[in-house]
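So the mapping is simple: our numbering equals the position in the sequence shown, first residue as 1, plus 118. All C-beta atoms, glycine included, are put in the ideal place defined by N, C-alpha and C. A short worksheet on the structure shown next.
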Amino acid sequence: MIEKPGPMETGRLYDVNGDGTLDILPTGMKFAAWWERQPSRDGSFVWVRHDLPAEIAGHGIGFGDVNGDGRGDIVTPLGWWEAPEDVVNGQWIAHKEWRLHSDAGVPIIVEDIDADGDSDIMWGRGHRVGLYWLEQTNDDGTRRWTFHVIDTSYSQIHAILVADLDGDGRSEFVAGKRYLGHDGRDPGEWNPLGIYWYRFDPARRTFRRGIVDEAGPVGFGLDPKAADVDADGDVDLLASDRSGLYLLENIGQSKTREELGPTALVPNEAPWLNEDHRNLLMYVDEQGQPQQVASLKDWGIRRAHILKGMMAVMGPLPGPERRVPLNVEILSEEVTDSYRRIKLTYASDESDRVPSYLLIPRGASQRTPAVLCLHQTTPLAKDEPAGTHPDAAWPYAHELALRGFICLVPDYPSFGEHAYEFKSHPQYLSGTMKAIWDNIRAIDLLESLPEVDRDRIAAIGHSLGGHNALFTAAFDERIQAVICSCGFTGFHDYYGGKIEPWSQDRYMPRIKTVYESNPDKVPFDFHEVIAAIAPRPIFINAPLQDDNFDCNGVKKVLAAVEPIDALHNTSKRITAVHPDIGHGFPPDIRQSAYEWLERQFGMRTSEK
Numbered sequence: 119m120i121e122k123p124g125p126m127e128t129g130r131l132y133d134v135n136g137d138g139t140l141d142i143l144p145t146g147m148k149f150a151a152w153w154e155r156q157p158s159r160d161g162s163f164v165w166v167r168h169d170l171p172a173e174i175a176g177h178g179i180g181f182g183d184v185n186g187d188g189r190g191d192i193v194t195p196l197g198w199w200e201a202p203e204d205v206v207n208g209q210w211i212a213h214k215e216w217r218l219h220s221d222a223g224v225p226i227i228v229e230d231i232d233a234d235g236d237s238d239i240m241w242g243r244g245h246r247v248g249l250y251w252l253e254q255t256n257d258d259g260t261r262r263w264t265f266h267v268i269d270t271s272y273s274q275i276h277a278i279l280v281a282d283l284d285g286d287g288r289s290e291f292v293a294g295k296r297y298l299g300h301d302g303r304d305p306g307e308w309n310p311l312g313i314y315w316y317r318f319d320p321a322r323r324t325f326r327r328g329i330v331d332e333a334g335p336v337g338f339g340l341d342p343k344a345a346d347v348d349a350d351g352d353v354d355l356l357a358s359d360r361s362g363l364y365l366l367e368n369i370g371q372s373k374t375r376e377e378l379g380p381t382a383l384v385p386n387e388a389p390w391l392n393e394d395h396r397n398l399l400m401y402v403d404e405q406g407q408p409q410q411v412a413s414l415k416d417w418g419i420r421r422a423h424i425l426k427g428m429m430a431v432m433g434p435l436p437g438p439e440r441r442v443p444l445n446v447e448i449l450s451e452e453v454t455d456s457y458r459r460i461k462l463t464y465a466s467d468e469s470d471r472v473p474s475y476l477l478i479p480r481g482a483s484q485r486t487p488a489v490l491c492l493h494q495t496t497p498l499a500k501d502e503p504a505g506t507h508p509d510a511a512w513p514y515a516h517e518l519a520l521r522g523f524i525c526l527v528p529d530y531p532s533f534g535e536h537a538y539e540f541k542s543h544p545q546y547l548s549g550t551m552k553a554i555w556d557n558i559r560a561i562d563l564l565e566s567l568p569e570v571d572r573d574r575i576a577a578i579g580h581s582l583g584g585h586n587a588l589f590t591a592a593f594d595e596r597i598q599a600v601i602c603s604c605g606f607t608g609f610h611d612y613y614g615g616k617i618e619p620w621s622q623d624r625y626m627p628r629i630k631t632v633y634e635s636n637p638d639k640v641p642f643d644f645h646e647v648i649a650a651i652a653p654r655p656i657f658i659n660a661p662l663q664d665d666n667f668d669c670n671g672v673k674k675v676l677a678a679v680e681p682i683d684a685l686h687n688t689s690k691r692i693t694a695v696h697p698d699i700g701h702g703f704p705p706d707i708r709q710s711a712y713e714w715l716e717r718q719f720g721m722r723t724s725e726k
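This is the structure in structure tokens:
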């Protein structure tokens, strides 16, 4: 026993004082200190505590030379503390140059990720979704940090390893998902486990991702290790978690999803394809046997199959290889009495930029909720939600900005100023998946803004925007609430099952080319999409006279989802209204939706 200093997440061994001996640097929740290993006269050693600035205490810590002076510094979610020459008696100097997520894991990595000669920062979210990095630049003598998202396809990345897995002299970064790190309370805890390696590609400035282990029993835990366990000359991995202790033997790196190509990732034969996707409470296991969904763990498997079914129709969700730097370009800015309206473009992938409006309320702070606002099928495109055109029927981004929300309004591919030829981009098998990826990158942009509360991001949309808000939320668990107006009905109730309009290039052409426009053959439906979003809340406007998305079909979808909401103990997560009107999103319903969203985010309801 060294000491009982109080609650802590975990700790790491670093040579804090540079004497060649490893010391202990824990991540104390209510204390900040490190323990120096000192030799004693009898040949053993003792541990000596050295207190650190109190602000270092909290979730997430790391160690490394940030400024290139040869001394190791301490990094936290609130910035970095520069080591003095005398780390025992000197004063650590605070540099509050960034704001990482408050649940950053251990360790926060200090490494020259892009091999440009300075240290960058990498971290995962221990309680929520995502793997991120900060790029350090210092071109004019001023240190700057650029926020980048690496991967948001899984949650609970509490630990990251740095190791040369393939022996080429370059480091890979290894991250993975914990198993029930917080007893099922955090987003995505019941989703299948996975461990992945990442390598930075300096030419594309993206990361290649490969699979170490996926959908198996191996959780990555709090303190995985990299070592040549079997003495065969390469680096293996050891992972321990609530699911057990595992050795992951290195037998050579797998191909990335991008190297396999988009069509290779669409399954033609898999046991889950034999599921009756109308039944949310059954799934087919890897042996092809039907199993009942009796627990949230079972539901995690069924939910993964839903996403696979969506990708079988839409094409695979892009991975980190396509997550290029956003490189936001400001085109214009207008200041109104209530908010700033910024016209911009951002890079969605290597070949496309997305025109958008960004609305930032006056006085927005670092804790401002944000909304991704998606437009309907209209030539006005983003100008309708933004309210910049006199014919804008549903200006919900403008109205939400008046209520204090930061709003990002992108053009759907081929709409508005977003010129796009779908057939010229075979890396996307559907316009829908392209739009989903644009929306995910829009969330990346929102997360990069210092004013945005990264844990209070919602999506809203009407018609085309309505179902794309649902689709995006199913794939991106950073979206914490959804408002969907006139966005769906069950495929069998869409014009009596005549679903060919869904197969246009800008939507999902495989509905026709592969599934013959037959709703019985399409391997997903909207009750699955809405169930996959659980337990996150949804507000649904489904008018009784909607001649596009049949209201009775909507009610069937919502009834089918009830068993999954009961499984999550969230029977009231869906609020559905059915005004006696046609395909519209009138002011009184929008007002109700805004008030609902304010309640979800713990805001005081606005009178505007």
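Look at the Cβ atom of G242, then the Cβ atom of R327, and state whether they are nearer than 7 Å.
no
Suppose you measure from the CA of S413 to the CA of S273; what does that come to, to the nearest Å?
19 Å
Residue span of the beta strand (DSSP E) that contains C604, given as start and end
Careful: C604 lies outside any beta strand (DSSP E) and carries neither H nor E.
Quick one: residues in its chain with C-beta nearer than 6 Å to the C-beta of A649, no 5 flanking neighbours on either side, listed in chain order?
L398, V679, I682
What residue range is occupied by the uninterrupted alpha helix (DSSP H) comprising R421?
414 to 432
Let's test the definition: count the other Cβ atoms within 10 Å of the Cβ of I211 and tell me whether it reaches 16, buried, or not, exposed.
exposed
Am I right that G615 and F609 are in contact with their C-beta atoms under 8 Å? What's the rounded C-beta distance?
7 Å
H213 and G244: beta carbons closer than 7 Å?
no
Starting from the N-terminal side, write out each stretch of the beta strand (DSSP E) that is 3 residues or longer and does not extend beyond the segment 577 to 662.
599 to 603, 656 to 659
Give the C-beta separation of G337 and Y401 to the nearest angstrom, bearing in mind that I take them to be a contact with Cβ-Cβ under 8 Å.
That pair is no contact at about 21 Å.
CB contact flag (P655, P697, <7 Å)
no
Between which two residues does the alpha helix (DSSP H) carrying Y546 extend?
It is not in any alpha helix (DSSP H) - Y546 carries neither H nor E in the DSSP assignment.
P389 by DSSP, collapsed to three states: which one?
helix
Please report the distance separating the alpha-carbon of A560 from that of L526.
7 Å
So, using beta-carbon positions, are R440 and Y712 closer together than 7 Å?
no
Please report how far the alpha carbon of D623 lies from the alpha carbon of D556, in whole angstroms.
16 Å
Opposite Y297 in the DSSP bridges: which residues?
Answer is none; Y297 lacks a bridge partner.
Helix or strand or just coil, what does DSSP make of E468?
coil
Can you tell me the Cα-Cα spacing of K426 and Y633, whole angstroms?
15 Å
Output the distance between the C-alpha atoms of R323 and D236, rounded to the nearest integer angstrom.
16 Å
Cα-Cα separation, N185 to Y316
25 Å
With a Cβ-Cβ cutoff of 7 Å, do A293 and L340 count as a contact?
no
P568 to W153, Cα distance in whole Å?
34 Å
If we cut at 7 Å on Cβ distances, does L498 have a partner in chain D?
In the displayed structure, chain D is absent; only one protein chain is listed.
Inter-residue Cα distance where the pair is I658 and A592:
15 Å
Is the Cβ-Cβ distance between R159 and T139 less than 7 Å?
no
Quick check on this structure: which residue in G259, R189, G370, A515 has the alpha carbon closest to the alpha carbon of V228?
R189
Along the beta strand (DSSP E) that carries W251, what are the first and last residues, could you check?
247 to 255
Looking at the unbroken alpha helix (DSSP H) that takes in S237, where does it start and where does it end?
First-last for S237: undefined, no H or E at that position.
How about Y457 and P479: do their beta carbons lie closer than 7 Å?
yes
Nearest residue (CA-CA) to D348, options I369, G362, D331:
I369
How about R485 and D571: are their beta carbons less than 7 Å apart?
yes
Tell me the residue span of the beta strand (DSSP E) that contains Y530.
Taken as a continuous stretch (DSSP letters only), Y530 belongs to no beta strand (DSSP E), as it is neither H nor E.
Quick one: Cα of D352 to Cα of E367, how far?
9 Å
With a threshold of 8 Å on Cβ separation, who are the neighbours of P513 within its own chain once the five nearest residues in sequence on each side are excluded?
E502, P503, A504, G505
Looking only at C-alpha atoms, which of L490, A233, P310, G312 sits nearest to G287?
A233
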